[in-house]
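Just so we're aligned: 467 in UniProt numbering is position 467 of the sequence shown, and the numbers increase by one with no gaps anywhere. Idealized CB from N, CA, C, for every residue including glycine. What follows is a single structure, written as structure tokens, with notes after it.
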Amino acid sequence: MKALKHLNKYFFKYRYRLIIGIVITIVAKIFALFTPRFVGDAINVISDRYNGNISYEVFKTELTTITLYIIGAAIIAGMFTFLMRQTIINVSRHIEYDLKNEIYQHYQVLSLNFYKSNRTGDLMNRISEDVGKVRMYVGPAIMYTMNTITLFTVAIIYMMNTAPKLTLYTLIPLPILSVAIYKLSRLINKRSTIVQQSLSTLSTYTQETFSGISVIKSYGIEPRTNSEFDTLSAENRQKQINLTKVQALFFPMMILLIGLSNLIVVYIGGVQYMNGEIEDIGTIAAFLIYVNMLTWPVAVVGWVTSLVQQAEASQERINEFLNTEPDIQNTVNELTPIKGDIEFKNVSFVYPDTNIEALKDVSFKLKSGQTLAILGKTGSGKSTILDLIGRLYDVDNDGVLVDDTVVSKLNLYSLRKSIGYVPQDAFLFSDSIKNNIKFGKEDATDDEVIEAAKNARVHKNIIGFKRGYDTVLGERGITLSGGQKQRVSIARAIIKRPDILLFDDCLSAVDTDTEEKILKNLVKLTKDKTTIIVSHRVSSAKNANQIIVLDDGKVIQTGTHQSLINVEGYYKELYTKQLSEKEIQ
């Protein structure tokens with residue numbers, strides 16, 4: 001139960017609703033328990049009339065009165081049962097809602113390393129399937145526990161007062177039923193966990209397949225993926241069947257033991273009635289109804305135990321993530337205005353998940369409003385520099401500074417709000433193009449959206465679509481070409497009008513003519529913005545105030561375009577190569 005302590009704050013939050021729900025549950029069960037007594041009284045009246053102990057008029061009056069009592073008790077019990085579900089089950093839905101939001105919000109603050117080491121399918125499974133298991137604990141488990149306690153307390157007190165010996169005989173099979181169902185529930189829980197793990201694997205494989213469907217189709221490996229999916233599905237099916245085989249024992253076992261209790265009541269009660277130990281035949285009828293009312297709550301003891309076990313296992317999985325502290329902590333509460341000065345002082349960085357040394361003693365200084373271009377081979381550490389500026393990772397030596405302040409000592413949200421970032425792999429949401437651009441500025445007007453799209457040279461493409469800016473994109477923006485996705489991402493960054501603009505090789509999928517036009521627009525838009533452009537093309541770097549060239553994480557060249565083309569080195573070689581390619585084209 002240790003893992004479930006996390007839910008105590010939600011029980012406290014909804015304590016008044018839960019208390020009302022528990023009171024309603026008790027009232028509902030008390031009225032439901034009136035019915036067996038009234039049925040017993042009705043049978044006694046019929047017996048008295050049959051034996052000639054009462055007149056027809058008295059028989060008719062008493063039977064009518066008892067019938068009305070039964071109907072009234074049933075209606076009141078039904079009404080309170082409805083209210084019981086409306087309170088306790090609704091509370092469970094509120095807690096489910098709060099818990100899902102808590103998990104989702106925690107997911108948002110966790111660092112990139114967390115997402116590199118955990119699969120999307122598993123993350124989804126914990127916020128959906130595991131939370132669902134927990135909801136069964138905070139809703140049905142509590143409700144049925146209160147049902148059981150109330151039914152047993154009231155029913156057994158009445159039964160013991162009426163026929164103590166018959167009560168003891170009647171209750172013999174009930175503990176056996178409870179223990180049997182408890183053990184069966186343990187087995188069900190164990191196999192349910194295996195099924196959940198199998199579903200998580202299947203969900204992860206399916207999600208990755210759908211996300212990479214273009215790669216699967218381009219390589220023509222549909223038969224292989226189908227075969228792998230069939231294998232996983234077959235394994236999941238077998239585990240589901242193994243679970244169902246155990247679950248199939250549940251109700252037959254319960255019916256068997258309920259039937260045994262009924263036989264005991266009929267036999268022992270009949271013997272006691274004939275021996276004069278029980279005065280009224282209606283007592284036996286009432287006991288039969290009580291037994292059938294009590295057997296389900298007794299069975300529920302095992303079922304509720306299983307629910308609690310499953311909820312604890314699921315909450316433990318949830319807590320595993322909730323207790324994960326983000327690597328990047330916001331240590332400053334006060335909002336910090338950002339101008340845009342950036343400095344790297346002998347920065348070295350090793351990725352914690354792979355131990356790859358991405359940067360080695362990198363230094364540069366950039367004043368607010370200046371532009372820095374970073375060039376280098378693939379894997380030379382260009383993108384890492386942008387990640388460190390946005391504080392997606394922290395360095396050990398406090399060598400990354402913004403406005404002469406170590407980034408870890410700036411308000412994290414102020415820093416990131418001041419940055420417009422266009423990643424190398426342009427990510428678009430399954431929403432309209434307009435909303436994807438407005439993601440950079442939620443309150444942007446339509447005119448601002450259009451202006452940003454024009455500056456990113458994607459406006460003409462957008463209005464060419466049937467629904468224009470209201471065109472809804474497929475997952476990850478699959479509706480658009482690579483170049484169009486990059487340009488929409490650029491529009492999303494520049495509409496924000498941030499103090500710092502970071503472009504991570506975001507023009508690689510556009511032609512050189514479009515690139516030139518976008519760069520000219522960016523020169524106007526970024527004249528008072530600190531801008532860093534990561535690129536493989538000299539054309540993207542030539543207008544920068546400063547250029548650095550990286551190789552294997554080290555700065556091997558630094559200067560301006562004019563100074564670098566006049567010295568032998570990587571930059572001049574790249575410039576000469578790309579210039580000749582352009583002439584050939």
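Based on the DSSP output, what are the partners of residue i in its beta bridges?
{"i": "Glu357", "result": "Val350"}
{"i": "Ile374", "result": "Val534, Ile548"}
{"i": "Glu343", "result": "Lys365, Leu401"}
{"i": "Ser55", "result": "According to DSSP, which records beta bridges pairwise, Ser55 is partnered with nothing at all."}
{"i": "residue 615", "result": "The displayed coordinates of the chain run from 1 to 585. Any statement about residue 615 would go beyond what the structure contains."}
{"i": "Ile70", "result": "DSSP, once it has assigned bridges, lists no residue as partnering Ile70."}
{"i": "Val472", "result": "Ser432"}
{"i": "Tyr421", "result": "Leu502"}
{"i": "Val406", "result": "Leu401"}
Taking all protein chains shown into account, do 16 or more other C-beta atoms lie within 10 angstroms of the C-beta of residue i, making it buried, or fewer, making it exposed?
{"i": "Pro498", "result": "buried"}
{"i": "Asp443", "result": "exposed"}
{"i": "residue 591", "result": "Outside the displayed range of the chain (1 to 585) lies residue 591, so it cannot be described from this structure."}
{"i": "Ile311", "result": "Before going further, note that residue 311 is Ala rather than Ile in the sequence given. It counts as buried."}
{"i": "Glu573", "result": "exposed"}
{"i": "Gln585", "result": "Summary for Gln585: the model assigns pLDDT 44, below 50, so the residue's position carries little reliability, and this model does not support an answer."}
{"i": "Gly212", "result": "exposed"}
{"i": "Ile103", "result": "buried"}
{"i": "Phe344", "result": "buried"}
{"i": "Tyr469", "result": "buried"}
{"i": "Asp396", "result": "exposed"}
{"i": "Val179", "result": "exposed"}
Within its chain, find whatever has a CB closer than 8 Å to the CB of residue i; leave out the 5 residues flanking it on each side and keep chain order.
{"i": "Asp551", "result": "Gly376, Lys377, Ser380, Tyr570"}
{"i": "Leu63", "result": "Ala42, Val45, Ile46"}
{"i": "Thr209", "result": "Ile216, Thr225, Phe229"}
{"i": "Leu473", "result": "Leu428, Phe429, Ser430, Asp431, Ser432, Ile433, Asn436, Thr479, Leu480"}
Would you kindly report the start and end of the unbroken alpha helix (DSSP H) that includes residue i?
{"i": "Ile156", "result": "142-162"}
{"i": "Val523", "result": "512-525"}
{"i": "Asn236", "result": "222-247"}
{"i": "Thr120", "result": "120-125"}
{"i": "Gln272", "result": "250-274"}
{"i": "Arg37", "result": "34-50"}
{"i": "Gly483", "result": "482-494"}
{"i": "Asp280", "result": "Looking at the DSSP string, Asp280 is not in any alpha helix (DSSP H), and its letter there is neither H nor E."}
{"i": "Ile462", "result": "459-463"}
{"i": "Lys441", "result": "Neither: Lys441 is in no alpha helix (DSSP H) and is coded neither H nor E."}
{"i": "Lys542", "result": "From DSSP, Lys542 is part of no alpha helix (DSSP H); its letter is neither H nor E."}
{"i": "Leu112", "result": "112-117"}
What does a CB cutoff of less than 7 Å around residue i pick up in its chain, not counting 5 residues either side in sequence?
{"i": "residue 587", "result": "Residue numbering for the chain in the displayed model covers 1 to 585; residue 587 lies beyond these limits and cannot be assessed."}
{"i": "Ala452", "result": "Ile437, Ala491, Ile494, Ile495"}
{"i": "Asp48", "result": "Ile54"}
{"i": "Pro352", "result": "Asn113"}
{"i": "Ile24", "result": "Phe80, Leu83, Met84, Thr87"}
{"i": "Trp303", "result": "Ile181, Ser185"}
{"i": "Asp387", "result": "Tyr393"}
With DSSP as the reference, label residue i as helix, strand or coil.
{"i": "Gln196", "result": "helix"}
{"i": "Tyr14", "result": "coil"}
{"i": "Ser432", "result": "strand"}
{"i": "Leu501", "result": "strand"}
{"i": "residue 666", "result": "Residue numbering for the chain in the displayed model covers 1 to 585; residue 666 lies beyond these limits and cannot be assessed."}
{"i": "Lys2", "result": "coil"}
{"i": "Thr81", "result": "helix"}
{"i": "Gly21", "result": "helix"}
{"i": "Arg416", "result": "helix"}
{"i": "Asn319", "result": "helix"}
{"i": "Gln585", "result": "In this prediction, Gln585 scores a pLDDT of 44, lower than 50, which makes its location untrustworthy; the coordinate-derived value is nonetheless stated afterwards. Looking at Gln585 - three-state DSSP - the assignment turns out to be coil, as it is neither helix nor strand."}
{"i": "Tyr393", "result": "coil"}
{"i": "Gly139", "result": "helix"}
{"i": "Lys183", "result": "helix"}
{"i": "Ser380", "result": "coil"}
{"i": "Thr479", "result": "coil"}
{"i": "Gln562", "result": "helix"}
{"i": "Thr336", "result": "coil"}
{"i": "Gly212", "result": "coil"}
{"i": "Asp447", "result": "helix"}
Excluding five sequence neighbours on each side, which residues of the same chain lie with their C-beta closer than 6 Å to the C-beta of residue i?
{"i": "Lys406", "result": "Residue identity check: residue 406 is Val in the sequence provided, not Lys. These residues qualify, in order along the chain: Asp398."}
{"i": "Glu32", "result": "According to the sequence provided, residue 32 is Ala. The question's Glu does not apply to it. Excluding sequence neighbours, Ala32 sits near Ala77."}
{"i": "Thr331", "result": "none"}
{"i": "Arg119", "result": "Thr204"}
{"i": "Ile26", "result": "Thr150"}
{"i": "Val534", "result": "Ile374, Lys382, Asp504, Asp505"}
With respect to 8 Å, is the separation between the Cβ of residue i and the closest non-hydrogen atom of the ligand SAM below this value?
{"i": "Thr148", "result": "Within the structure as shown, the ligand SAM is missing, as the structure has no ligands at all."}
Taking the continuous beta strand (DSSP E) assigned at residue i, which residues delimit it?
{"i": "Val555", "result": "554-559"}
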